[in-house]
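S.K.: My structure is below; once you've seen it, I'll send some questions.
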Amino acid sequence: MSDCLFCKIAAGVIPSTKVYEDETVLAFRDIAPMAPTHVLVIPKVHISGVSEITAENAALVGHCLEVAAIVAAQEGLENGFRVVSNCGADACQTVNHLHFHVLGGRKLTLEMA
Ligand code: 5GP
Ligand code: ZN
């Protein structure tokens, strides 16, 4: 088992509140939600971030975004939602395992930085 937090969550070694799971992707609630809905969508295999997306794993990454749409529908976010992925130190990425934040349930601000 790698020392990666989200690899451990994907393996079920560290518990999470799952909202969607299939063979390759897991979605679970963020431990420190910044909106009424704040879900993290991750590939179960370790990809460190957006900078590591390649032609080889692009289908899996696309599936992560498909799951983001499924989660948004499940959560009733018909008024809209935001999908964010922080990559690297300047973006304040704190967990180096690719994840997409799905945020919604209130009017979000336009602030991007
Ligand atoms: P980042 O800052 O890398 O874009 O996002 C990491 C996210 O993971 C943060 O929003 C943080 O609250 C969340 N997080 C950190 N540790 C845990 C954990 O143990 N469980 C869950 N569910 N979320 C976590
Ligand atoms: Zn990992």
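So in this note's numbering, the last spot in the sequence shown is 171, and the numbers never skip. Note that the Cβ used here is the ideal one computed from N, Cα and C, for glycine as well.
1) So with Cβ pairs under 8 Å, would you call G146 a contact of chain B?
2) What are the partner residues of A85, as DSSP defines its beta bridges?
3) Would you mind stating whether T82 and L118 have Cβ atoms separated by less than 8 Å?
4) Using the rule of at least 16 other Cβ atoms within 10 Å of the residue's Cβ for burial, across every protein chain shown, is P73 buried or exposed?
5) Indicate whether A68 and I111 have their beta-carbon atoms separated by less than 8 Å.
6) Where do the ends of the alpha helix (DSSP H) carrying H121 lie?
7) Measuring straight from C-alpha to C-alpha, what distance separates E79 and H104?
8) Report, in whole angstroms, the separation of the C-beta atoms of H155 and C65, which I expect to be a contact under 8 Å.
9) Applying the criterion that 16 or more other CB atoms from any shown protein chain within 10 Å of the CB defines a buried residue, is G162 buried or exposed?
10) Could you tell me how far apart the beta carbons of V129 and A171 are, in whole angstroms, since I believe they sit closer than 8 Å?
11) Since L63 is in the alpha helix (DSSP H), which residue starts that stretch and which ends it?
M.R.: A quick look at the data gives this:
1) As a matter of chain content, chain B is missing from the structure shown, which is built from one protein chain.
2) Beta-bridge partners assigned by DSSP to A85: Y78, V99.
3) Yes; because the gap between Cβ atoms is below 8 Å, this pair is in contact.
4) Burial call: exposed.
5) No, the pair does not count as a contact, with Cβ atoms beyond the cut-off.
6) Residues 116 to 132.
7) C-alpha of E79 to C-alpha of H104: approximately 16 Å in a straight line.
8) Right, the Cβ-Cβ distance comes to about 6 Å (below 8 Å), so this counts as a contact.
9) Counting Cβ neighbours within 10 Å, G162 comes out buried, since at least 16 surround it.
10) Not a contact, Cβ separation roughly 25 Å.
11) Element bounds for L63: 63 to 69.
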